[in-house]
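Asks:
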Amino acid sequence: MEEQLISKKELLEETSISYGQLYRWKRKNLIPEEWFIRKSTFTGQETFFPRAEILKRISKIQKMKENLSLDEMREMLSPQMTDVNITSAELLQKGLISKAALQVYGEDGVTFTSRALLSLYVLEGLLQSGNISLEEGKLAAGVLKTYEASELKANTELVMLRKLGVTTCFIADAEHILFEPTVKVVERVALAAASEELKTKWMQEDHQWK
Amino acid sequence: MEVTDKLIINGSGSSKGGRFHTVEINGSGTVSGDVECVSFLFNGSGKTDGHVKTQTLTISGSGKIGGSAEAESIRINGTGVIKGDVKTERLNVAGFSSFGGGVKADDIFISGKVGIEGDCETETFRSEGKCKIGGLLNADKVSIQLTAGESRVKEIGCRHLKVMSRKSVLTRFKLMPAPVLTAELIEGDIIELADTNAKTVRGNHVRIGAGCTIGTVEYSGDFTCDPSALVNKVVKR
Chain A
6 MEEQLISKKE
16 LLEETSISYG
26 QLYRWKRKNL
36 IPEEWFIRKS
46 TFTGQETFFP
56 RAEILKRISK
66 IQKMKENLSL
76 DEMREMLSPQ
86 MTDVNITSAE
96 LLQKGLISKA
106 ALQVYGEDGV
116 TFTSRALLSL
126 YVLEGLLQSG
136 NISLEEGKLA
146 AGVLKTYEAS
156 ELKANTELVM
166 LRKLGVTTCF
176 IADAEHILFE
186 PTVKVVERVA
196 LAAASEELKT
206 KWMQEDHQWK
Chain B
364 MEVTDKLIIN
374 GSGSSKGGRF
384 HTVEINGSGT
394 VSGDVECVSF
404 LFNGSGKTDG
414 HVKTQTLTIS
424 GSGKIGGSAE
434 AESIRINGTG
444 VIKGDVKTER
454 LNVAGFSSFG
464 GGVKADDIFI
474 SGKVGIEGDC
484 ETETFRSEGK
494 CKIGGLLNAD
504 KVSIQLTAGE
514 SRVKEIGCRH
524 LKVMSRKSVL
534 TRFKLMPAPV
544 LTAELIEGDI
554 IELADTNAKT
564 VRGNHVRIGA
574 GCTIGTVEYS
584 GDFTCDPSAL
594 VNKVVKR
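Residue numbers (our numbering), protein chains in the order written: chain A, 6 to 215; chain B, 364 to 600.
#1: Within the 8 Å Cβ cut-off, does Gln-50/A reach chain C?
#2: Which class does Gln-213/A belong to by DSSP, given the choice of helix, strand or coil?
#3: Where Lys-31/A and Thr-187/A are concerned, what is the direct C-alpha to C-alpha distance, given to the nearest angstrom?
#4: Could you name the residues of chain A that Gly-566/B contacts, counting a contact when the two beta carbons are closer than 8 Å?
#5: Answer yes if the region 367-380 of chain B comes into contact with the region 157-164 of chain A, meaning at least three C-beta pairs across the two stretches below 8 Å, and no otherwise.
#6: Pick out whichever of Leu-27/A, Glu-15/A, Asn-34/A, Ser-119/A has its Cα sitting closest to the Cα of Cys-521/B.
#7: Taking only beta carbons into account, state which residues of the region 152-174 of chain A come closer than 9 Å to chain B, listed in chain order.
#8: For the beta strand (DSSP E) holding Ile-388/B, just list the boundary residues, first then last.
#9: By how many angstroms is the C-alpha of Gly-413/B removed from the C-alpha of Leu-69/A?
#10: Is Ala-546/B closer than 8 Å to Lys-517/B when the C-beta atoms are compared?
#11: Taking the beta strand (DSSP E) that Lys-517/B falls in, what are its first and last residues?
#12: Measuring CB to CB, does Ile-479/B end up less than 8 Å from Val-456/B?
#13: Taking the straight line between their C-alpha atoms, what separation do you get for Thr-510/B and Cys-575/B?
#14: Could you give the distance in angstroms between the alpha-carbon of Gly-407/B and the alpha-carbon of Ser-431/B?
#15: Can you confirm whether Arg-79/A, when its beta carbon is compared against all beta carbons of chain B, has any partner nearer than 8 Å?
#16: Within 8 Å, do at least three Cβ pairs link the region 58-72 of chain A to the region 92-107 of chain A?
#17: Tell me which same chain residues have a C-beta within less than 6 Å of the C-beta of Lys-369/B, skipping the five on either side of it?
#18: Tell me, to the nearest whole angstrom, how far the beta carbon of Cys-174/A is from that of Leu-183/A; I am working on the premise that it is less than 8 Å.
#19: Contact criterion: CB-CB distance below 8 Å. Does Asp-470/B meet it with respect to chain A?
#20: Measuring only between beta-carbons, confirm whether Cys-483/B sits less than 8 Å from chain A.
#21: Leaving out the 5 sequence neighbours to the left and right, which residues in its chain are closer than 7 Å to Val-401/B when beta-carbon positions are compared?
#22: Please go through the same chain and pick out, in chain order, the residues whose beta-carbon is closer than 6 Å to the beta-carbon of Asp-76/A, but skip the five residues on each side of it.
#23: Using only the alpha-carbon positions, how far apart do His-212/A and Val-415/B sit?
#24: Give the interface partners of Asp-552/B over in chain A, defined as CB-CB distance under 7 Å, in chain order.
#25: With a threshold of 8 Å between beta carbons, is Cys-575/B in contact with chain A?
#26: Which residue spans inside the region 412-474 of chain B form an unbroken beta strand (DSSP E) run of at least 3?
#27: If you measure from the beta carbon of Gly-380/B to each beta carbon in chain A, is any gap under 8 Å?
#28: Counting only Cβ-Cβ distances shorter than 8 Å, please list the residues of the region 504-524 of chain B near chain A, keeping chain order.
#29: In or out: Phe-536/B buried (at least 16 other Cβ within 10 Å) or exposed?
#30: Listing by chain order, which chain B residues have their CB less than 7 Å from the CB of Lys-31/A?
#31: Classify Thr-451/B as buried or exposed, calling it buried when 16 or more other Cβ atoms lie within 10 Å of its own Cβ.
#32: Cα separation between Val-394/B and Lys-410/B?
#33: So, under 8 Å CB-CB, Ser-124/A and Glu-162/A are touching, yes? Tell me the CB distance rounded to an integer number of Å.
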């Protein structure tokens, strides 16, 4: 465990940020509260962070802060998405979503909200992986569509299972899911992570989530 | 909000909560249930046991909110007690107030005494008098003016912290307890302290003023220390 943590002091030295910045980012929820791990050391209480995550997050913030305000960054880093409207034609043009995914999703020529876009993006990933068939994609699209109205939680996953050639798929926000051994888990997609990924891609396209 | 109803309780009465335009409690009224309104005003000793969501919340006299409070601005003149979390842009306290949860704001100004059980997050924090914060005070700019008695903050994390101490004639003659700020941990870019007891102080520019007792100072830029201050250990990074 020890080597995966970084103390606050080391972190500041390594990333050359100041206390003021660190605390400001915490205030703006750019760094999640759970990452602040308190431990007592021989010099008193010290705060530690999960090493890989915090270093990645800080370099991301430093890169983004040149052209984004802190509030915009918070929007981006939080798994919840804000409103967006985009037509299928625009999506194809950007190359964000393929035609196949759009067809499987089934609503061609309409505008998509942010949540629908997330479903599409997840679907696109599933199809791209080559692990699922188009029929199975439709199955996933159905589940994703019904889930669009619910709130996205941090550990929400889309799970796709296959047993004896029959496929099923569901969305869960449980910490552990246990399967019987004969079941083949085809795909597990963490929706919050997918959302973050989608947003990063979107921002690179020079768009703003308004 | 298109609700135009006003809820006014004069004298002693009680009402259920709901959505209103304005809520005014004059005397000792009680509102039970959650309230959503444009302005909420306590005059006298009002009470509500639910959550309050409003634009301006004013407590004059003594008001008590059993749940959490969300408002654009909160003004407390006299005694205010909010048991739950507080979320606002401006928090202004003149007198005494106690918050049972955490406080999130943009600007906090306190003159008098305040107690916050949880964490306090704000851009600017100014206090004149006494403050007790059970968690972390996280702010961009913190200015604490001590007058008498003990102020206590568990942890301070900020960009710029300035603690000033003003000793009145009464404290000089020991009629009032001497002012002191006690903290476990202070971290910031610029730290200026006076009359402060702290276990650990970490910063870039650290200035320890008169009357301080500090366990360990860790600094990376510059460090000055008043001859009357007591610093156990100084580490340069």
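For each residue, glycine too, the CB sits at the ideal point set by N, CA and C.
Replies: Let me lay it out:
#1: Given the protein chain composition of this structure (A and B), no chain C is represented.
#2: The residue given as residue 213/A occupies position 208 in the first sequence. Low confidence applies to Gln-213/A: its pLDDT is 43, below 50, so where it sits in the model is not reliable enough to give any reading.
#3: Start at 1 with the first residue of the first sequence, and residue 31/A comes out as number 26. Start at 1 with the first residue of the first sequence, and residue 187/A comes out as number 182. Roughly 45 Å between the two C-alpha positions.
#4: Translated into positions along the second sequence, residue 566/B becomes position 203. Around Gly-566/B, the beta-carbon contacts reaching into chain A at under 8 Å are Tyr-24.
#5: Result no; under three Cβ-Cβ pairs closer than 8 Å.
#6: The residue given as residue 521/B occupies position 158 in the second sequence. Scanning Leu-27/A, Glu-15/A, Asn-34/A, Ser-119/A for the CA closest to the CA of Cys-521/B turns up Leu-27/A.
#7: From the region 152-174 of chain A, no residue has a Cβ closer than 9 Å to chain B.
#8: As a position in the second sequence, residue 388/B is number 25, starting the count at 1. In the DSSP assignment, Ile-388/B falls within the unbroken beta strand (DSSP E) covering 385-390.
#9: To locate residue 69/A, count along the first sequence from 1; it is residue 64. To locate residue 413/B, count along the second sequence from 1; it is residue 50. Inspection of the sequence shows that residue 69/A is occupied by Met rather than by Leu. Straight across, the Cα-Cα distance linking Met-69/A with Gly-413/B is about 41 Å.
#10: For this step, residue 517/B is matched to residue 154 along the second sequence. For this step, residue 546/B is matched to residue 183 along the second sequence. Yes.
#11: As a first step, residue 517/B is located in the second sequence; it is residue number 154 there, counting from the start. Per DSSP, Lys-517/B belongs to the beta strand (DSSP E) from 513-528.
#12: By 1-based counting over the second sequence, the position of residue 479/B is 116. By 1-based counting over the second sequence, the position of residue 456/B is 93. No, the Cβ-Cβ distance between Ile-479/B and Val-456/B is not below 8 Å.
#13: Sequence index remark: in the second sequence, residue 510/B carries index 147 (1-based). Sequence index remark: in the second sequence, residue 575/B carries index 212 (1-based). For Thr-510/B and Cys-575/B, the distance between alpha carbons rounds to 15 Å.
#14: Here the question's residue 407/B lines up with position 44 in the second sequence. Here the question's residue 431/B lines up with position 68 in the second sequence. For the pair Gly-407/B and Ser-431/B, the Cα-to-Cα distance works out to about 20 Å.
#15: As a working note, residue 79/A is residue 74 in the first sequence. So, not an interface residue.
#16: Below 8 Å, too few C-beta pairs join the region 92-107 of chain A and the region 58-72 of chain A to call them touching: fewer than three.
#17: Sequence index remark: in the second sequence, residue 369/B carries index 6 (1-based). For Lys-369/B, where only same-chain residues beyond five positions count, the Cβ hits under 6 Å are His-384, Thr-385.
#18: If you number the first sequence from 1, residue 174/A lands on position 169. If you number the first sequence from 1, residue 183/A lands on position 178. The C-beta separation of Cys-174/A from Leu-183/A comes to about 17 Å, leaving the pair out of contact by the 8 Å criterion.
#19: Residue numbering aside, residue 470/B sits at position 107 when the second sequence is read from its first letter. Cβ-Cβ to chain A under 8 Å: no for Asp-470/B.
#20: One-based indexing of the second sequence puts residue 483/B at position 120. No, no contact with chain A.
#21: Sequence index remark: in the second sequence, residue 401/B carries index 38 (1-based). If we look at Val-401/B and ignore the five residues flanking it on each side, its Cβ neighbours are Met-364, His-384, Thr-385, Thr-417, Gln-418.
#22: By one-based count along the first sequence, residue 76/A stands at place 71. Taking Asp-76/A as the centre and dropping the five residues before and after it, the same chain places no C-beta closer than 6 Å to its C-beta.
#23: Indexing the first sequence from 1 puts residue 212/A at position 207. Indexing the second sequence from 1 puts residue 415/B at position 52. Low confidence applies here, because His-212/A scores a pLDDT of 47, under 50, leaving its location unreliable; read the following figure in that light. Going from the Cα of His-212/A to the Cα of Val-415/B covers about 37 Å.
#24: Sequence index remark: in the second sequence, residue 552/B carries index 189 (1-based). Near Asp-552/B (Cβ distances below 7 Å), the residues of chain A are Ser-23, Tyr-24, Gly-25.
#25: Stepping through the second sequence from its first residue, residue 575/B is reached at position 212. It does not: the Cβ of Cys-575/B has no partner Cβ on chain A nearer than 8 Å.
#26: The region 412-474 of chain B contains these whole beta strand (DSSP E) runs: 419-428, 432-445, 449-462.
#27: Residue numbering aside, residue 380/B sits at position 17 when the second sequence is read from its first letter. Not one beta carbon of chain A lies nearer than 8 Å to the beta carbon of Gly-380/B.
#28: Residues passing the 8 Å Cβ filter: Gly-520, Cys-521, Arg-522, His-523.
#29: Position 173 of the second sequence holds residue 536/B. Around the CB of Phe-536/B, fewer than 16 other CB atoms lie within 10 Å, so the residue is classed as exposed.
#30: As a position in the first sequence, residue 31/A is number 26, starting the count at 1. By Cβ distance, chain B contributes Asn-501.
#31: Locating residue 451/B in the second sequence gives position 88, where the first residue counts as 1. Looking at its Cβ environment, which holds 16 or more other Cβ atoms inside 10 Å, Thr-451/B is buried.
#32: The count along the second sequence starts at 1 and reaches residue 394/B at position 31. The count along the second sequence starts at 1 and reaches residue 410/B at position 47. Cα to Cα, the separation comes out at about 6 Å.
#33: Taking the first residue of the first sequence as position 1, residue 124/A is located at position 119. Taking the first residue of the first sequence as position 1, residue 162/A is located at position 157. Between Glu-162/A and Ser-124/A the Cβ distance is about 14 Å, and since that is not below 8 Å, they are no contact.
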